[in-house]
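To start, the structure under review is shown below, and the notes come after it.
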Ligand code: FE
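Numbering (my numbering), first residue to last: 155 to 340.
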């Protein structure tokens with residue numbers, strides 16, 4: 155289990171070529187596209203780091219590239235936390251932990267959102283519990299970092315463009331080092 159930035163980045167270099175679920179991009183391309191969207195939007199170092207690493211949970215299990223196809227929820231948003239929490243503050247880990255619930259939230263509050271999801275994402279939504287009820291949606295969005303999780307989710311959904319040019323991993327290093335330095339002392 156990686157506990158420093160170098161081993162975390164190596165994990166992407168070594169396992170990041172795996173296909174991103176049923177999408178036409180790799181995990182590595184998806185991560186870089188998501189981080190680039192946050193950077194283009196002028197977001198904080200923590201938010202850019204959250205976007206880059208939001209799916210690290212998919213890289214630390216051995217359930218195959220698309221467990222949802224076999225009816226399995228890999229709970230990747232939870233698996234990410236032990237990998238990241240010693241390295242990054244809550245401003246990075248909580249949006250990641252909540253990004254699957256953010257999909258359930260958006261399906262409850264935005265009529266157009268479900269239609270916009272890819273087939274893969276619709277399939278995994280059912281395994282993740284489906285759209286929130288109105289009451290569950292209200293409870294969700296009141297949590298710390300829920301708004302950031304929703305924003306991360308919007309970029310997550312866009313970060314699936316085949317053959318898109320992005321900055322490379324090294325480009326994000328200064329920003330990742332900055333996000334690491336703000337880790338809470340727990
Ligand atoms: Fe994702």
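C-beta atoms are modelled at their ideal positions from N, C-alpha and C, and glycine is treated no differently.
As the structure is a prediction and not an experimental result, all values here were calculated from the model.
Taking a contact as a CB-CB distance under 8 Å, the pair residue 200 and residue 303 does not count as one, their CB atoms being some 13 Å apart. Cβ-Cβ distances below 6 Å link residue 329 to 199 and 202 in the same chain, with the five nearest sequence neighbours on each side left out; the list follows chain order.
Here residue 173 is bridged, per DSSP, to 180.
It is roughly 27 Å from the alpha-carbon of residue 241 to the alpha-carbon of residue 221. For residue 263, the enclosing alpha helix (DSSP H) covers residues 253 to 263. Remark: the shortest separation between the CB of residue 215 and any heavy atom of the ligand FE does not fall under 7 Å. Remark: the C-beta of residue 184 is in contact range of the ligand FE, defined as less than 7 Å to any heavy atom. Minimum Cα-Cα distance from residue 257 among the listed residues 301, 183, 162 and 186 corresponds to 301. Considering only 245, 293 and 269, the residue with the shortest C-alpha distance to residue 306 is 245. Considering only 255, 312 and 274, the residue with the shortest C-alpha distance to residue 291 is 255. Of all C-beta pairs linking the stretch 259 to 267 to the stretch 282 to 298, three or more are shorter than 8 Å, placing the two stretches in contact. At least one heavy atom of the ligand FE is found less than 7 Å from the C-beta of residue 209.
Assignment of residue 227 by DSSP, reduced to helix, strand and coil, places it in the coil class.
Taking all protein chains shown into account, residue 178 has fewer than 16 neighbouring C-beta atoms within 10 Å of its C-beta and is therefore exposed.
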